[in-house]
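J.:
Residue numbers (this note's numbering): 1443 to 1714.
Listed below in structure tokens is the structure:
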């Protein structure tokens, strides 16, 4: 029989079909109780609720920071990443690149791919990190996140090769390969970057030392099962992912090593 936060989520879901408004209030009440009792997963869940204005609540960034911090201090990697982003953007707290890097680092060390990616961008920009800008460290972090399936990290790693950063030498072929891989993974900015690279350097369509032509970006898009979404469809998809992230955190292990899957808005990767 499910217990704790998982049981609360299951009960709330069962009540939702009867009276959604009452269900929202009851669900929020139960998760507040779990969070106050020290459940890190529930604390992170409350942070998501208050940041996004879910369950009938208005967005309240200060409360989101409060609960993210509680969960982050308990070692919850997802909450650490969320908290870092709040510091990075100055939502609900005083903006601080140093605090952002601190919490991105903690989450990255626990294997949180989003944190690895954003920490890489902090190193690439030289914000909040010791020793200033480091493309070498940024590239290392992009590679780690890319191996975990982070599409934006794959795209930004392509930019490293396109611009010859991190001592790797300029390699348009590798950049184009990574951009098209990111396109197939569903990263929209990578499409524009690949198109520009293909236009400026058409030789990228032919691998070095080979006569076989690589597929163009349009070929890649045609082979991809993903379709172009309207603005409303993208908004709906984001909402579904947010809800899925919450359910995953609630119904999962709820331990300190749980990973958050909520997506943040990413940069376009065109430059650091």
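For glycine and all other residues, C-beta sits at the position ideal for the given N, C-alpha and C.
Count the CB pairs spanning the region 1587-1594 and the region 1606-1615 that are closer than 8 Å, and state whether there are at least three.
T.: At 8 Å Cβ cutoff, the stretches do not touch.
J.: By Cβ distance below 6 Å, which residues in the same chain neighbour residue 1482 in space, the five residues on each side in sequence not counted?
T.: As a working note, residue 1482 is residue 40 in the chain shown. Around residue 1482: 1513, 1516, 1518, 1698.
J.: What would DSSP say about residue 1688, mapped onto helix, strand or coil?
T.: Working through the chain shown from its first residue, we reach residue 1688 at position 246. Caution is warranted here: a pLDDT of 49 is assigned to residue 1688, below 50, making its placement in the model unreliable, and the coordinate value is therefore given only provisionally. Residue 1688 falls in the helix class under three-state DSSP.
J.: Distance check for residue 1476 and residue 1646, CA to CA, integer angstroms please.
T.: By 1-based counting over the chain shown, the position of residue 1646 is 204. By 1-based counting over the chain shown, the position of residue 1476 is 34. Going by the C-alpha atoms only, they are around 55 Å apart.
J.: Over the uninterrupted alpha helix (DSSP H) stretch that includes residue 1640, give me the two end residues.
T.: Numbered from its first residue, the chain shown carries residue 1640 at position 198. 1630-1642 is the span of the alpha helix (DSSP H), which, as asked, contains residue 1640.
J.: Going by Cα to Cα distance, which pick from 1628, 1633, 1587 is closest to residue 1551?
T.: Locating residue 1551 in the chain shown gives position 109, where the first residue counts as 1. Closest option to residue 1551, Cα to Cα, is 1587.
J.: Compute the beta-carbon to beta-carbon distance between residue 1526 and residue 1542, rounded to the nearest angstrom, for a pair I have assumed lies under 8 Å.
T.: Taking the chain shown and counting its residues from 1, one reaches residue 1526 at position 84. Taking the chain shown and counting its residues from 1, one reaches residue 1542 at position 100. Contact flag correct, Cβ pair sits at about 5 Å.
J.: In this structure, does DSSP put residue 1499 in helix, strand or coil?
T.: As a working note, residue 1499 is residue 57 in the chain shown. If DSSP states are grouped into helix, strand and coil, residue 1499 belongs with coil.
J.: Could you give the distance in angstroms between the alpha-carbon of residue 1619 and the alpha-carbon of residue 1568?
T.: Taking the chain shown and counting its residues from 1, the one referred to as residue 1619 is at position 177. Taking the chain shown and counting its residues from 1, the one referred to as residue 1568 is at position 126. Going from the Cα of residue 1619 to the Cα of residue 1568 covers about 27 Å.
J.: Near residue 1522, which residues of its chain fall below 6 Å by C-beta distance, leaving aside the five closest residues on each side in sequence?
T.: Position 80 of the chain shown, counted from the start, is the residue given in the question as residue 1522. Correct list, in chain order: 1514, 1545, 1548, 1549.
J.: Could you spell out the range, first to last residue, of the alpha helix (DSSP H) harbouring residue 1535?
T.: Indexing the chain shown from 1 puts residue 1535 at position 93. Taken as a continuous stretch (DSSP letters only), residue 1535 belongs to no alpha helix (DSSP H), as it is neither H nor E.
J.: Taking DSSP as the reference, what is the three-state secondary structure of residue 1605?
T.: Translated into positions along the chain shown, residue 1605 becomes position 163. In the structure shown, residue 1605 sits in a helix (DSSP, three-state: H, G or I).
J.: Near residue 1539, what residues of its chain come up, given a Cβ to Cβ distance below 6 Å and the 5 sequence neighbours on each side ignored?
T.: As a position in the chain shown, residue 1539 is number 97, starting the count at 1. Within the same chain, residue 1539 has close Cβ partners 1569, 1570.
J.: In terms of alpha-carbon separation, which member of 1502, 1584, 1577, 1576 lies closest to residue 1553?
T.: To locate residue 1553, count along the chain shown from 1; it is residue 111. The shortest Cα separation from residue 1553 among 1502, 1584, 1577, 1576 belongs to 1584.
J.: Take the Cβ of residue 1644 as the centre, count every other Cβ of all protein chains shown within 10 Å, and call the residue buried at 16 or more, exposed below.
T.: Counting from one through the chain shown, the residue named residue 1644 turns up at place 202. Exposed, by the Cβ-count rule.
J.: Are residue 1752 and residue 1490 touching if we call contact CB-CB under 7 Å?
T.: Nothing can be reported for residue 1752, as the shown portion of the chain is limited to 1443 through 1714.
J.: Can you tell me where the alpha helix (DSSP H) with residue 1571 in it begins and where it stops?
T.: One-based indexing of the chain shown puts residue 1571 at position 129. Where residue 1571 is concerned, there is no enclosing alpha helix (DSSP H), given that its DSSP letter is neither H nor E.
J.: Rounded to whole angstroms, how far is the Cβ of residue 1579 from the Cβ of residue 1560, which I believe are closer than 8 Å?
T.: The sequence position of residue 1579 within the chain shown is 137, counting from 1. The sequence position of residue 1560 within the chain shown is 118, counting from 1. About 13 Å; that fails the 8 Å criterion.
J.: Look at the Cβ atom of residue 1597, then the Cβ atom of residue 1617, and state whether they are nearer than 7 Å.
T.: Along the chain shown, read from residue 1 onward, the residue named residue 1597 stands at position 155. Along the chain shown, read from residue 1 onward, the residue named residue 1617 stands at position 175. Their beta carbons are not under 7 Å apart, which means residue 1597 does not touch residue 1617 by this criterion.
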